[in-house]
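Residue numbers (UniProt numbering): 1 to 267.
Just so you know, even glycine gets a beta-carbon here, dropped at the ideal spot from N, CA and C.
This structure is a prediction, so every number in the text was calculated from the model and none was measured.
Everything below concerns the one structure shown next.
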Amino acid sequence: AAAAGGWRARRRRRRGRGEEEDEEDDEEGEGGPGTEAVLRRVREARDDLLNSGFWAASAGAVRAPLSGPAEPPASCVCYGLGRFGRCPAARYQLAFLLLLLDELRVPPARCALFDPAFSAREAAALRALGLCLLPENEEGKRGVEGSATLFYMVHCGKALYNNLLWSNWSPAALSKLVIIGNSFRGIEERLLSRILERDYSYIAKVLKGVEEVALPSHPRYLDTFNDTSVHWFPLDKLQELSPEVWDCLEEPMYQDCEDLEIIRKGE
């Protein structure tokens, strides 16, 4: 029920593994007090990341792809951020993304986001931060188009990473990718090799051509950034792979995949 003055009180409910989710009225339009409240909590999350030392501890992993000859990312794409207006974990992930853009000197206007779950209020908050919204679900099928690009995909489904690799399946294109998301090593360890090779063949084929540095563990953010790594693809390592690796360019369809973990276009 709405409280006096027309605003709705914020409640909290427990989620799995100790996460809390804020329950709020999502009917607030663009601008207005609801959007301001979301922005305030994003700023608070950013301050928490700085004050806790987590961002400082993560900086080495973030800078790792820049230590070689590869060009720094000129733009960023973020998939699957989630309901950051409600969920503290998603809010910390957004705050981390904003710090990341600062660190890499990528203007917010060069960062595009998509999540089909975004509310109107959350979309308004992202625009207020200077970020862009992608108009449709790409299913991760985006080519880098010649310029180095950071893909921020924390806790996304495996098919999204696989689709992204397929869309950039050449040494020249992959060498321009940096992916912050679920550990590829972790995916390899958790999946049976036959399932990995059948359903996520592009992840399987690139494992010998990827460098990976894990984000540090921190007691405050165990559920927020667990199993998250920075991945990049040095050109010299990619060129050492067997030439046959690059021959198959079949688009992933996932007909035999029982748990796809992503929302398909049009769903």
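- For the 8 Å CB-CB criterion, residue 214 and residue 61 form a contact.
- For residue 225, the CB contacts under 6 Å within the same chain, skipping 5 residues up- and downstream, are 215 in chain order.
- DSSP, read as helix, strand or coil, puts residue 183 in coil.
- Collapsing the DSSP output to three states places residue 152 in a strand.
- Per DSSP, the unbroken alpha helix (DSSP H) holding residue 96 starts and ends at 88-104.
- Beta bridge pairing from DSSP links residue 211 with 232.
- Residue state for residue 144 is assigned as coil, using DSSP reduced to three classes.
- Rounded to whole angstroms, the separation of the alpha carbons of residue 166 and residue 143 is 9 Å.
- Secondary structure at residue 133: strand, using DSSP grouped into helix, strand and coil.
- Residue range 158-167 is occupied by the alpha helix (DSSP H) that includes residue 161.
- For residue 238 against residue 209, the beta-carbon gap comes to about 4 Å, under 8 Å, which counts as contact.
- Cβ-Cβ distances below 8 Å link residue 99 to 46, 49, 50 and 55 in the same chain, with the five nearest sequence neighbours on each side left out; the list follows chain order.
- With respect to the 8 Å criterion, residue 181 and residue 161 are classified as neighbours on the basis of their beta carbons.
- Closest in alpha carbon position to residue 110, among 118, 130, 122 and 168, is 130.
- For residue 79, the enclosing beta strand (DSSP E) has its first and last residue at 75-79.
- Contact between the stretch 87-105 and the stretch 143-154 is present: three or more C-beta pairs spanning the two stretches fall below 8 Å.
- Listed in chain order, the non-local C-beta contacts of residue 228 below 6 Å within the same chain comprise 154 and 215, local neighbours out to five positions each way being set aside.
- Secondary structure at residue 126: helix, using DSSP grouped into helix, strand and coil.
- Contact between residue 79 and residue 156 holds: their C-beta atoms lie close to 6 Å from each other, under 8 Å.
- For residue 57, the uninterrupted alpha helix (DSSP H) run begins and ends at 54-63, by DSSP.
- Judged by their CB atoms, residue 183 and residue 212 are nearer to each other than the 8 Å cut-off.
- Excluding residues up to 5 positions away in sequence, 91 lie with their Cβ nearer than 7 Å to the Cβ of residue 41 in the same chain.
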